[in-house]
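This report concerns only the one structure given below.
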Amino acid sequence: MSPSQRITAGLLFAFAIAATQADPIYKSVDAQGHVTYSDRPNSSGAQKADVSVQQADPAEAERLAKERQLLKAEDDQRKKQQASDSRANAQQEHDKETRCRVARNNYNNLKDVGRIYKLDADGNRVYMSDAEADAKRETARQVMATACGA
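Residue numbers for the sequence shown follow this note's numbering, so the first one is 64 and each next one is one higher.
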């Protein structure tokens, strides 16, 4: 028997003992219709109430304990999944911000330089025409707009 099952069984046993040694219980209804139960009659109209106590079913207590364990396990699994999803979302957001920053820096660099070149097979600079440079800047602007969502 697990510790939680022993505690549940012990509590049920204690309640059963207390129920057999219970004091009389009085039921009274006030002027507003509120019902009150007490160990002493608090009005002249208080009636002694019979309280039936059912013996606890150990099998039911065990079933409830297992059900609580399953619910706790499901809750723990859901919390782990939420934490994992949260970390993944944070990583995606960080990656998006990084892509945006890189694209923005690239566009600003191309926009601010006077002449744009590329390297040929020998490592020599080959300067682009104005039309080619403008097309490269426009492509960089579109990449930045896509990456930054602007």
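Backbone N, C-alpha and C define an ideal beta-carbon position, used for all residues, glycine too. This structure is a prediction, so every number in the text was calculated from the model and none was measured.
| said: Assess contact between the stretch 205–212 and the stretch 164–182, defined as three or more Cβ pairs (one per stretch) separated by less than 8 Å. Is contact present? | reply: The answer is yes - the stretch 164–182 touches the stretch 205–212, with three or more Cβ pairs under 8 Å.
| Alpha-carbon spacing of R227 relative to K129, whole angstroms | Here the chain covers residues 64 to 213 and nothing more, so residue 227 does not appear.
| task | Would you kindly check if the distance between the Cβ of A119 and the Cβ of K90 is under 8 Å? | result | K90 is not a Cβ neighbour of A119, given a cutoff of 8 Å.
| query | If you compare alpha carbons, which of I179, D193, R164 and T99 is closest to A112? | reply | Nearest of I179, D193, R164 and T99 to A112, Cα basis: T99.
| message | Applying the 10 Å Cβ sphere with the 16-neighbour rule, what's the burial state of A198? | response | Counting the other CB atoms within 10 Å of its CB gives A198 a total below 16, which places it among the exposed residues.
| Roughly how many whole angstroms lie between the Cα atoms of Y180 and G212? | Roughly 28 Å separates the two Cα atoms.
| Reference V60; option with closest CA among E137, G96 and I88 | Residue 60 is absent from the model: the chain starts at 64 and stops at 213.
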